[in-house]
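Undergrad: Shown below is the structure under consideration.
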């Protein structure tokens, strides 16, 4: 069974600085997807970034980028130029590729606070 | 606006009662999902549906039931058999079940009194 581990329950960062959130996962699959979702106080889950395991290039979305290390089964999220609106819970999630039931496996989350 | 709506936002239930949570999407997505979120936890899959009139159990289906009579609707019923129903419930959809990206609704907070 796949598992996702987020080892940092809480983190804080000063506005405009950079922060990195950690995520490791365990799987025997070779093809899969990885995601970071953001859950602000409104509690709606918002997709931040996605990564296909077969792509070596790290995904980037504006101020958000990932460091995907397939051999180490590591998938960290870097937030540059942190903004107050980035304050939220961040969840790392895993999904098997073709043939799966589409089940997202979530970590327990990291609570990020951006301080002015 | 295209998206996923869930209603109500807050729901209170007495012990022993069944209650139904609504989920509607106008994204023309084939697949829909129900997740449960408990404090300090990630999301866990309750049920999912790949197509109208078909649905499959997820990891924690006991005490829940669903239907999929229309493509755009996937209601979840929390039955009296669910031992600990107080939680936050999130509905999601994806273009098809093997599609990689799921999009979420705003959620329903269910409290059992």
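Residue numbers (our numbering), protein chains in the order written: chain A, 1 to 116; chain B, 117 to 229.
Heads up, the beta-carbon is just placed ideally off N, CA and C, and yes, glycines get one too.
All values derive from a computational prediction rather than experimental measurement.
#1: Report yes if the CB atom of residue 148/B is closer than 8 angstroms to the CB atom of residue 157/B, and no otherwise.
#2: Would you kindly check if the distance between the Cβ of residue 6/A and the Cβ of residue 108/A is under 8 angstroms?
#3: Determine the contact status of residue 15/A and residue 113/A, defining contact as a CB-CB distance below 8 angstroms.
#4: Would you grab the beta carbon distance between residue 143/B and residue 219/B for me? Rounded to a whole angstrom, and I think it's under 8 angstroms.
#5: Just to confirm the assignment: which complete beta strand (DSSP E) runs, minimum length 3, are found wholly within the stretch 119 to 180 of chain B?
#6: What residue range is occupied by the uninterrupted beta strand (DSSP E) comprising residue 67/A?
#7: What is the DSSP secondary structure of residue 229/B, counted as helix, strand or coil?
#8: Just to confirm, are residue 189/B and residue 145/B a CB contact at a threshold of 8 angstroms?
#9: Could you give the DSSP three-state label for residue 81/A: helix, strand or coil?
#10: Beta carbons nearer than 8 angstroms to chain B: which residues of the stretch 57 to 71 of chain A have them?
#11: Beta carbon of residue 56/A, beta carbon of residue 66/A: below 8 angstroms?
#12: With a threshold of 16 other CB atoms inside 10 Å of the CB of residue 128/B, please say whether the residue is buried or exposed.
#13: In the DSSP assignment, what are the bridge partners of residue 23/A?
#14: If you draw a straight line from the alpha carbon of residue 25/A to that of residue 96/A, how long is it in whole angstroms?
#15: Name the residue from 30/A, 18/A, 4/A, 88/A whose alpha carbon lies nearest to the alpha carbon of residue 53/A.
#16: Flag this pair as yes or no: are the beta carbons of residue 68/A and residue 34/A separated by less than 8 angstroms?
#17: Is residue 109/A close to chain B? Criterion is C-beta to C-beta, closer than 8 angstroms.
#18: Give me the Cα-Cα distance between residue 72/B and residue 202/B, rounded to the nearest whole angstrom.
#19: Quick check on the burial criterion: 16 or more other C-beta atoms within 10 angstroms. Buried or exposed for residue 170/B?
#20: In terms of alpha-carbon separation, which member of 217/B, 208/B, 198/B lies closest to residue 226/B?
#21: What are the boundary residues of the beta strand (DSSP E) that includes residue 50/A?
TA: Short version:
#1: Position 32 of the second chain, counting from 1, holds the residue named residue 148/B. Position 41 of the second chain, counting from 1, holds the residue named residue 157/B. Cβ atoms of residue 148/B and residue 157/B: not closer than 8 angstroms.
#2: Here residue 108/A corresponds to residue number 108 of the first chain, with the count starting at 1. Here residue 6/A corresponds to residue number 6 of the first chain, with the count starting at 1. In terms of Cβ geometry, residue 108/A and residue 6/A form a close pair [threshold 8 angstroms].
#3: For the purposes of this step, residue 15/A is identified with residue 15 of the first chain, where counting begins at 1. For the purposes of this step, residue 113/A is identified with residue 113 of the first chain, where counting begins at 1. Pairing residue 15/A with residue 113/A gives a Cβ-Cβ distance that is not under 8 angstroms.
#4: Taking the second chain and counting its residues from 1, the one referred to as residue 143/B is at position 27. Taking the second chain and counting its residues from 1, the one referred to as residue 219/B is at position 103. For residue 143/B against residue 219/B, the beta-carbon gap comes to about 7 angstroms, under 8 angstroms, which counts as contact.
#5: DSSP runs (the beta strand (DSSP E)) wholly in the stretch 119 to 180 of chain B: 120 to 123, 126 to 129, 135 to 141, 147 to 153, 159 to 167, 170 to 173.
#6: As a first step, residue 67/A is located in the first chain; it is residue number 67 there, counting from the start. In this chain, the beta strand (DSSP E) harbouring residue 67/A covers 64 to 69.
#7: Here residue 229/B refers to the residue found at position 113 when the second chain is read from its first residue. Here residue 229/B sits in coil by DSSP.
#8: If you number the second chain from 1, residue 189/B lands on position 73. If you number the second chain from 1, residue 145/B lands on position 29. Residue 145/B is positioned such that its CB atom lies no closer than 8 angstroms to that of residue 189/B.
#9: Working through the first chain from its first residue, we reach residue 81/A at position 81. Under the three-state reduction of DSSP, residue 81/A is assigned to coil, being neither helix nor strand.
#10: Taking 8 angstroms as the Cβ-Cβ cut-off against chain B, none of the residues of the stretch 57 to 71 of chain A qualify.
#11: Taking the first residue of the first chain as position 1, residue 56/A is located at position 56. Taking the first residue of the first chain as position 1, residue 66/A is located at position 66. No.
#12: Numbered from 1 along the second chain, position 12 holds the residue referred to as residue 128/B. Taking all protein chains shown into account, residue 128/B has fewer than 16 neighbouring C-beta atoms within 10 Å of its C-beta and is therefore exposed.
#13: The count along the first chain starts at 1 and reaches residue 23/A at position 23. DSSP lists no bridge partner for residue 23/A.
#14: Translated into the one-based positions of the first chain, residue 25/A becomes position 25. Translated into the one-based positions of the first chain, residue 96/A becomes position 96. In this model, residue 25/A and residue 96/A are separated by some 12 angstroms (Cα to Cα).
#15: Along the first chain, one-based indexing puts residue 53/A at 53. The candidate whose alpha carbon is nearest that of residue 53/A is 30/A.
#16: As a position in the first chain, residue 68/A is number 68, starting the count at 1. As a position in the first chain, residue 34/A is number 34, starting the count at 1. Cβ distance < 8 angstroms, so residue 68/A and residue 34/A count as in contact.
#17: The sequence position of residue 109/A within the first chain is 109, counting from 1. So yes, residue 109/A belongs to the interface.
#18: Nothing about residue 72/B can be read from this structure; chain B reaches only from 117 to 229.
#19: Counting from one through the second chain, the residue named residue 170/B turns up at place 54. So residue 170/B ends up on the exposed side.
#20: Here residue 226/B refers to the residue found at position 110 when the second chain is read from its first residue. Considering only 217/B, 208/B, 198/B, the residue with the shortest C-alpha distance to residue 226/B is 198/B.
#21: For the purposes of this step, residue 50/A is taken as residue 50 along the first chain, with counting starting at 1. Run containing residue 50/A: 46 to 52, per the beta strand (DSSP E) assignment.
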